[in-house]
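Colleague:
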């Protein structure tokens with residue numbers, strides 16, 4: 013069974029540009045989560061989508077946005093890129109929003125802003 | 254609000270010795286606790302979780318964790334460490350939001366070095 017898949021693996025953008033990262037959840041999972049792992053800052057929760065709707069959001073500016081498609085895949089958009097946005101962006105998925113469900117991670121997308 | 258702390262940035266242990274990676278948590282209700290491992294330049298892999306039931310939870314790769322409610326701890330353990338266990342370990346707690354939503358909050362991570 014395929015795990016969570018993310019694309020692209022690596023992305024290099026210039027400051028001020030926009031970046032789009034994509035995620036396909038494990039088959040049967042309806043919830044998708046996005047995390048940012050910046051060097052020295054651990055995992056910071058970004059967004060949670062379930063059944064096509066945004067369910068929760070972390071402490072990030074509005075230029076971080078995303079959506080979930082009818083097939084439960086998701087994309088994360090980062091507008092007006094700043095150097096500090098350089099990080100590993102991790103997507104995770106789980107079955108329906110139940111408090112005890114395990115979330116499973118993809119391998120991540122490395123975003124470098126120059 | 255829920256929170257999780259990993260008091261050690263780094264743990265060093267010799268191969269074959271037992272290892273412990275510490276985690277303490279703060280929750281307002283029943284705790285939902287998780288351990289993940291991250292190898293260099295990879296995503297996080299799920300090791301184990303505590304939802305309810307036995308305080309000793311067994312997981313992948315020979316790891317186990319002990320839930321201690323009185324000490325609000327969920328330490329990760331392994332009886333005999335392997336060099337290949339060297340990685341970054343994250344403890345996580347499920348934050349139950351007020352509107353029915355929730356998010357998983359991760360500790361800062363503990364880097365485990367196992368020396369041959």
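Protein chains in written order, with the numbering used here: chain A, 13 to 126; chain B, 254 to 369.
Virtual Cβ for every residue (Gly too), placed ideally from N, Cα, C.
Just the C-alpha distance for residue 93 of chain A and residue 107 of chain A, rounded to the nearest angstrom, thanks.
Modeller: Their backbone Cα atoms lie some 32 Å apart in a straight line.
Colleague: Does the distance from the C-beta atom of residue 58 of chain A to that of residue 72 of chain A stay below 8 Å?
Modeller: Cβ distance < 8 Å, so residue 58 of chain A and residue 72 of chain A count as in contact.
Colleague: Which whole-angstrom value is the C-beta distance of residue 297 of chain B and residue 289 of chain B, which I expect to be below 8 Å?
Modeller: Residue 297 of chain B to residue 289 of chain B, Cβ: 4 Å. Contact.
Colleague: Return helix, strand or coil for residue 280 of chain B, following the three-state DSSP convention.
Modeller: In this structure, residue 280 of chain B counts as coil in the three-state DSSP scheme.
Colleague: How many Å lie between residue 44 of chain A and residue 70 of chain A at the Cα?
Modeller: Their Cα atoms are separated by approximately 14 Å.
Colleague: Do residue 60 of chain A and residue 103 of chain A have their C-beta atoms within less than 8 Å of each other?
Modeller: Not a contact, by the Cβ cut-off of 8 Å.
Colleague: Cutting at 6 Å between CB atoms, please list the residues of its own chain near residue 352 of chain B, excluding the five before and the five after it.
Modeller: The predicted position of residue 352 of chain B is uncertain, since its pLDDT is 49 and thus under 50; a value taken from the coordinates is nonetheless stated next. None.
Colleague: Is the beta carbon of residue 90 of chain A closer than 8 Å to that of residue 31 of chain A?
Modeller: Against a cut-off of 8 Å, the Cβ pair of residue 90 of chain A and residue 31 of chain A comes out as a contact.
Colleague: Return the Cβ separation of residue 319 of chain B and residue 330 of chain B in integer angstroms, given the expectation that the two are a contact with Cβ distance under 8 Å.
Modeller: With 8 Å as the limit, residue 319 of chain B and residue 330 of chain B qualify as a contact, their Cβ atoms being about 7 Å apart.
Colleague: For the beta strand (DSSP E) holding residue 99 of chain A, just list the boundary residues, first then last.
Modeller: Note, residue 99 of chain A: beta strand (DSSP E), 99 to 106.
Colleague: With distance defined between alpha-carbon atoms, name the residue in B:284, B:280, B:271 and B:356 nearest to residue 333 of chain B.
Modeller: Cα-wise, what sits closest to residue 333 of chain B is B:271.
Colleague: Restricting to runs no shorter than 3 residues, where is the beta strand (DSSP E) found entirely within the stretch 316 to 363 of chain B?
Modeller: Listed in chain order, the complete beta strand (DSSP E) runs (minimum 3 residues) inside the stretch 316 to 363 of chain B are 317 to 321, 326 to 331, 340 to 349 and 355 to 359.
Colleague: Around the C-beta of residue 83 of chain A, are 16 or more other C-beta atoms found within 10 angstroms, so that it is buried, or is it exposed?
Modeller: That one is exposed.
Colleague: From residue 323 of chain B to residue 257 of chain B, what distance separates their C-alpha atoms?
Modeller: If I take the Cα positions, the gap works out to 15 Å.
Colleague: For a contact defined as C-beta to C-beta under 8 Å, what are the partners of residue 356 of chain B on chain A?
Modeller: Residues of chain A passing the Cβ test: 45, 57, 60, 68 and 70.
Colleague: Quick one: what does DSSP say residue 96 of chain A is sitting in, helix, strand or coil?
Modeller: Reduced to three states, the DSSP call for residue 96 of chain A is helix.
Colleague: Can you pull out the residues from the stretch 297 to 312 of chain B whose beta carbon lies closer than 9 Å to at least one beta carbon of chain A?
Modeller: Of all residues in the stretch 297 to 312 of chain B, 297, 298, 299, 302, 304 and 305 have a Cβ within less than 9 Å of some Cβ in chain A.
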